[in-house]
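Okay, so here's the structure we're looking at.
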Amino acid sequence: MSFFALPVARKFLAELIGTYAIIFAGTGAIVINAESGGAITHLGVALTFGLIVLAMIYTLGDVSGAHMNPAVTLAFAAAGLFPFTAVLTYLAAQFSGALLASLTLYLLFPQSANLGATLPAGAPMQSFVLEVILSAILMFVILNVSHGAKEKGITAGIVVGSVIALEALFAGPICGASMNPARSLAPAIVSGHLEHLWIYLVAPVVGMLIAIPLFGVVRGPSKI
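The sequence shown begins at 429 in our numbering and counts up one residue at a time.
Okay, here's the thing in structure tokens:
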């Protein structure tokens, strides 16, 4: 039997490919925007992140659930909606996919200053709080569209992709609107810009964990 015929291997590969696509397209848009003198624009970068997430949810959602974000995986596990035994597998796939994407961009654009790494434009605590709130909103939306009426599931990709684009659009210039530890860790490691990385590793997890009790209050504890 082929290795990739195994369910866990297919899920691992799906998460790796999905995360790779998000980091390659999203941070690639940032790099190319800088290289082209702003041809893509901030609006274009925000839409790129939202659209690639939308595409990957519809492409891989039925294989792995299309988490593509370590903070989402940890939040689902904390909410009892994802087995803890599979967390390490998903995290390994997500971080591997992100690192491969950043390495690809480094080979294509070795002159890039930071490969799209997320860095705060102002005070670190300002970006930390922003990232917590953005992540909480994102996970609150994910929990709501991933449970309930069948119609919600059909539009989940559109809703989640739209929220990511929206948050990147208004908060990106200040905090980077990462909301994803893998998205921030990979370009930081490859480019060597590790300053303030703690913000983008801790804040998304904190924010998404906050979303769990909020979802429980709004929808009722029986939903979790």
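The beta-carbon is built from N, C-alpha and C at its ideal position, and this holds for glycine as well.
Its Cα nearest to that of G635, the residue L502 stands out among V646, L502, P435 and T546. Pairwise C-beta distances place the region 524-542 in contact with the region 605-625, as three or more of them are shorter than 8 Å. The three-state secondary structure of L527, taken from DSSP, is helix. A contact between stretches requires three or more CB pairs, one per stretch, nearer than 8 Å, and the region 432-444 fails this requirement with the region 472-483.
If you look at Q554, you'll find it in the alpha helix (DSSP H) that goes P552 to V573. Only exposed fits F512, as fewer than 16 other CB atoms lie within 10 angstroms of its CB. Restricting attention to A457, F598, S590 and L471, the CA atom closest to the CA of A545 is found in A457. Burial check for V573: the Cβ neighbour count within 10 Å reaches 16 or more, so the residue is buried. Within its own chain, the residues whose Cβ lies closer than 7 Å to the Cβ of T476, once the five positions on either side in sequence are excluded, are A453, G454 and A457, listed in chain order. When the Cα atoms are used, Y534 and V646 turn out to be separated by approximately 44 Å. From the listed residues I460, F598, A467 and G589, the smallest Cα separation to N542 is found for I460.
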